[in-house]
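Novice: To start, I am sharing the structure in question, which I have written as structure tokens.
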């Protein structure tokens with residue numbers, strides 16, 4: 436088995452080819468801005484050249500404007516943050532009419548994130564996209580939303596409902612690249628991954644936030660208005676690595692967009708070695724809005740130090756090194 440030797444001679448980091456393919460989406464750099472952390476790109480564009488970033492994943496949109504959860508909607512933790520924004524947004528119409536045209540004017544590659552409070556709403560959002568003259572090439576399907584039809588069954592935690600959402604969106608968007616974003620809050624993430632791919636997903640986005648909570652010691656009540664919120668940041672990186680490893684090992688042919696706690700080139704490389712074909716950064720954008728540039732540069736240097744001159748050669752490399760070592764035992 437051929438693997439890149441860890442003792443390969445060092446090369447110049449600037450000469451490393453960072454381009455990658457994600458389910459047919461060509462990216463000059465593998466670092467994307469995670470959904471919800473850069474809105475629709477306008478604010479963060481004051482700090483970051485969007486055309487030089489892998490892509491902007493838009494804030495998840497519903498079929499109509501939505502107010503989201505009441506305050507308090509965010510809280511810091513020792514190693515990240517909790518949020519229960521509740522999918523606040525202007526709806527898919529505003530995204531298609533205003534935000535996507537603006538992003539294209541900036542030369543930004545875009546991935547449209549869609550959500551729904553019911554299976555029918557996901558399909559409705561997809562149908563609105565299909566009927567609009569604005570071209571959408573890639574959709575990230577946020578299936579970690581609460582299911583208003585059954586509050587006890589979040590879409591991404593059940594293989595049947597996850598597959599139903601994916602199938603409904605695929606029927607409305609037969610020619611669009613579809614990435615299903617999965618929650619780590621499941622017993623078997625590989626089972627959910629198989630269900631989504633079987634229903635028509637071209638790739639997977641791993642991982643969404645973990646559910647967490649905090650208590651306000653002054654009020655003696657939950658800090659967040661919704662009690663629970665999504666935990667993001669450095670604390671969840673080991674979970675992201677585990678989930679990416681498991682899914683890539685089980686389904687090596689399925690492209691993975693990896694994310695969860697990435698704040699440095701080292702984090703990015705770790706997720707890549709586990710099996711990610713590209714990466715998202717999220718929480719770090721709030722404190723360092725131009726972090727994508729730094730992380731991509733650090734990633735190039737780390738690959739160069741290991742004698743790897745193409746990012747694509749590092750995707751899933753840890754699996755191949757592990758297999759090669761086992762073969763020699």
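In our numbering, the protein residues as written are 436 to 764. Note that the Cβ used here is the ideal one computed from N, Cα and C, for glycine as well.
Should residue 625 and residue 682 be called a contact, given that it needs their Cβ atoms to be closer than 8 Å?
Specialist: Locating residue 625 in the chain shown gives position 190, where the first residue counts as 1. Locating residue 682 in the chain shown gives position 247, where the first residue counts as 1. Against a cut-off of 8 Å, the Cβ pair of residue 682 and residue 625 comes out as a contact.
Novice: Cutting at 7 Å between CB atoms, please list the residues of its own chain near residue 678, excluding the five before and the five after it.
Specialist: As a first step, residue 678 must be located in the chain shown, where it is residue number 243. Here the set comprises 619, 624, 641 and 642.
Novice: Which residues in the same chain as residue 719 place their Cβ atom closer than 6 Å to its Cβ, once the five residues preceding and following it in sequence are excluded?
Specialist: In the chain shown, counting from the first residue as 1, residue 719 sits at position 284. Result list for residue 719: 698 and 726, in chain order.
Novice: For residue 571, I'd like the list of residues in its chain whose CB is within less than 7 Å of its CB, leaving aside the five on either flank, ordered along the chain.
Specialist: Reading the chain shown from its first residue, position 136 is the one you call residue 571. Once the five neighbours on either side are set aside, the close Cβ partners of residue 571 are 547, 564 and 611.
Novice: With burial defined as no fewer than 16 other Cβ atoms inside 10 Å of the residue's Cβ, what is the status of residue 605: buried or exposed?
Specialist: Working through the chain shown from its first residue, we reach residue 605 at position 170. Looking at its Cβ environment, which holds 16 or more other Cβ atoms inside 10 Å, residue 605 is buried.
Novice: If we ignore side chains and look at the alpha-carbon of each, how far apart do residue 525 and residue 742 end up?
Specialist: Residue numbering aside, residue 525 sits at position 90 when the chain shown is read from its first letter. Residue numbering aside, residue 742 sits at position 307 when the chain shown is read from its first letter. Whole-angstrom Cα-Cα distance: 46 Å.
Novice: Looking at residue 613 and residue 574, is the spacing between their C-beta atoms short of 8 Å?
Specialist: Position 139 of the chain shown holds residue 574. Position 178 of the chain shown holds residue 613. It is a contact, given that the beta carbons lie within the stated cut-off.
Novice: Alpha carbons only, please: which of 751, 616, 654 and 650 is nearest the one belonging to residue 636?
Specialist: Residue numbering aside, residue 636 sits at position 201 when the chain shown is read from its first letter. Of the listed residues, the one whose Cα sits closest to residue 636 is 616.
Novice: In chain order, what are the residue ranges of uninterrupted beta strand (DSSP E) at least 3 long that sit wholly in the region 483–535?
Specialist: Qualifying beta strand (DSSP E) stretches, in chain order: 490–492, 509–512 and 515–518.
Novice: Rounded to whole angstroms, what's the CA-CA distance from residue 499 to residue 749? Just pull it up for me.
Specialist: Within the chain shown, residue 499 is the residue found at index 64, counting from 1. Within the chain shown, residue 749 is the residue found at index 314, counting from 1. Each residue's Cα considered, the two are about 41 Å apart.
Novice: Candidates 744, 673, 508 and 467: which alpha carbon is nearest residue 490's?
Specialist: Position 55 of the chain shown, counting from 1, holds the residue named residue 490. Out of 744, 673, 508 and 467, 467 has the C-alpha closest to the C-alpha of residue 490.
Novice: Looking only at DSSP bridge pairs, what is residue 700 linked to?
Specialist: The count along the chain shown starts at 1 and reaches residue 700 at position 265. DSSP output for residue 700 lists no bridge partner at all.
Novice: Just the Cα atoms here: how many angstroms apart are residue 661 and residue 509?
Specialist: By 1-based counting over the chain shown, the position of residue 661 is 226. By 1-based counting over the chain shown, the position of residue 509 is 74. About 10 Å.
Novice: For residue 616, report the span of its beta strand (DSSP E) as first-last.
Specialist: For the purposes of this step, residue 616 is taken as residue 181 along the chain shown, with counting starting at 1. Residue 616 -> beta strand (DSSP E) spans 612–617.
Novice: Which two residues bound the contiguous alpha helix (DSSP H) that contains residue 720?
Specialist: As a first step, residue 720 is located in the chain shown; it is residue number 285 there, counting from the start. Where residue 720 is concerned, the enclosing alpha helix (DSSP H) stretches over 719–722.
Novice: Classify residue 673 as helix, strand or coil using the three-state DSSP reduction.
Specialist: Counting from one through the chain shown, the residue named residue 673 turns up at place 238. Here residue 673 sits in helix by DSSP.
Novice: Based on the DSSP secondary-structure assignment, which residues constitute the bridge partners of residue 664?
Specialist: In the chain shown, the residue the question calls residue 664 occupies position 229. In the DSSP output, where bridge partners are listed per residue, residue 664 has 647.
Novice: Take the Cβ of residue 752 as the centre, count every other Cβ of all protein chains shown within 10 Å, and call the residue buried at 16 or more, exposed below.
Specialist: By 1-based counting over the chain shown, the position of residue 752 is 317. With 16 or more Cβ atoms within 10 Å of its Cβ, residue 752 is classed as buried.
Novice: Assign residue 663 to buried or exposed, taking buried as 16 or more other Cβ atoms, counted over all protein chains shown, within 10 Å of its Cβ.
Specialist: As a working note, residue 663 is residue 228 in the chain shown. Residue 663 is exposed by the Cβ-count criterion.
Novice: How many whole angstroms separate the CB atoms of residue 472 and residue 668, which I take to be in contact at a CB cut-off of 8 Å?
Specialist: In the chain shown, the residue the question calls residue 472 occupies position 37. In the chain shown, the residue the question calls residue 668 occupies position 233. In fact, because the Cβ distance is near 11 Å, the residues do not count as touching under 8 Å.
Novice: Does the region 505–519 come within contact of the region 644–658, defined as at least 3 CB pairs closer than 8 Å?
Specialist: The answer is yes - the region 644–658 touches the region 505–519, with three or more Cβ pairs under 8 Å.
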